[in-house]
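In my numbering, the protein residues as written are 66 to 246.
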C-alpha cells in the first residue's frame with residue numbers, strides 16, 4: 066500500500082463497468098488511466114467495497130487491490146471516529162452493517178488516503194441534519210478533509226494537496242491529468 070493515494074468507493078467502480086457512464090467504449094482514455102492507477106497501486110479499495118460490487122471484472126481481475134478493512138489498528142481508529150461522531154457510527158453503521166461507507170472513511174482516515182466517490186456533499190449547517198443525512202463527503206469534511214464534488218463543493222477544485230480527503234471522479238481525472246504534464 067506504500068504507493069496508494071486514493072481509496073475508491075463502490076460507485077466509482079460501477080461507473081467504469083461496461084454500459085455505464087465511464088465505460089471503456091465511451092471514455093477509453095479515462096478508463097485506461099483509471100486501470101493504470103489500479104495497476105500501479107496508486108488507487109486501492111477495501112473488502113467491503115468488493116462485497117458491494119456486482120461485477121465480473123474488478124472483483125476478479127483486480128482482487129489484490131481490495132484490502133482488509135478490519136484490523137486491530139484500524140479498529141482503534143474506527144472507535145476513535147465513533148467517539149467523535151457517535152450519532153453516525155452508532156446509528157448508520159449499526160443499522161447498515163453491510164454498507165462500506167463507515168469502513169471507507171475509517172480506512173482512508175487511518176491510512177491518510179483520499180476517498181474518491183460520487184456521493185454529493187450535504188451541508189452540515191442545518192440544525193436538522195441528523196445522522197442518516199451524513200454521507201462520505203459530509204462526514205469527511207467534519208474530520209477536516211478537503212472535499213470536492215460536482216455540485217456544492219466546486220469551490221474547492223484544485224485545493225486538494227494530498228492526505229486524507231474526499232474528491233469526485235472528475236477531480237481525480239483532473240489531478241491525474243495535471244500530473245501527466
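For every residue, glycine included, the Cβ atom is placed at its ideal position computed from N, Cα and C.
What did DSSP end up calling residue 110 once you bin it into helix, strand or coil?
The count along the chain shown starts at 1 and reaches residue 110 at position 45. Strand.
Residue 205 - DSSP class collapsed to helix/strand/coil
Working through the chain shown from its first residue, we reach residue 205 at position 140. Correct three-state label for residue 205: helix.
Report the residue from 207, 242 and 130 whose alpha carbon sits nearest the alpha carbon of residue 230.
In the chain shown, residue 230 corresponds to position 165, counting from 1. Per the Cα distances, 207.
Could you tell me the distance, in whole angstroms, from the CA atom of residue 71 to the CA atom of residue 181?
Looking up residue 71 in the chain shown gives position 6. Looking up residue 181 in the chain shown gives position 116. Cα to Cα, the separation comes out at about 7 Å.
Classify residue 234 as buried or exposed, calling it buried when 16 or more other Cβ atoms lie within 10 Å of its own Cβ.
Taking the chain shown and counting its residues from 1, one reaches residue 234 at position 169. Under this definition residue 234 is a buried residue.
For residue 102 and residue 142, what's the separation of their Cα atoms in angstroms?
On the chain shown, residue 102 is found 37 positions in, with the first residue counted as 1. On the chain shown, residue 142 is found 77 positions in, with the first residue counted as 1. So the alpha carbons of these two residues sit roughly 26 Å apart.
Of the choices 173, 79 and 111, whose alpha-carbon is the least far from that of residue 96?
Start at 1 with the first residue of the chain shown, and residue 96 comes out as number 31. Here the closest residue by C-alpha is 79.
Per DSSP, what kind of secondary structure is residue 169 in: helix, strand or coil?
Position 104 of the chain shown, counting from 1, holds the residue named residue 169. In this structure, residue 169 counts as helix in the three-state DSSP scheme.
Count the CB pairs spanning the stretch 157-175 and the stretch 109-127 that are closer than 8 Å, and state whether there are at least three.
yes
Distance between residue 73 and residue 179 (C-alpha atoms, nearest Å)
For the purposes of this step, residue 179 is taken as residue 114 along the chain shown, with counting starting at 1. For the purposes of this step, residue 73 is taken as residue 8 along the chain shown, with counting starting at 1. Distance between the alpha carbons of residue 179 and residue 73: 8 Å.
Can you tell me where the beta strand (DSSP E) holding residue 7 begins and where it ends?
With the chain covering 66 to 246 only, the question about residue 7 has no answer from this structure.
Can you name, in chain order, every residue of its own chain whose Cβ lies under 6 Å from the Cβ of residue 251, other than the five neighbours on each side?
Look at the range of the chain in this structure, 66 to 246, and you will see that residue 251 is not part of it.
If we require 3 or more residues per run, which beta strand (DSSP E) segments fall completely within the stretch 121-176?
Correct list: empty.
If you draw a straight line from the C-alpha of residue 183 to the C-alpha of residue 76, how long is it?
The sequence position of residue 183 within the chain shown is 118, counting from 1. The sequence position of residue 76 within the chain shown is 11, counting from 1. For residue 183 and residue 76, the distance between alpha carbons rounds to 6 Å.
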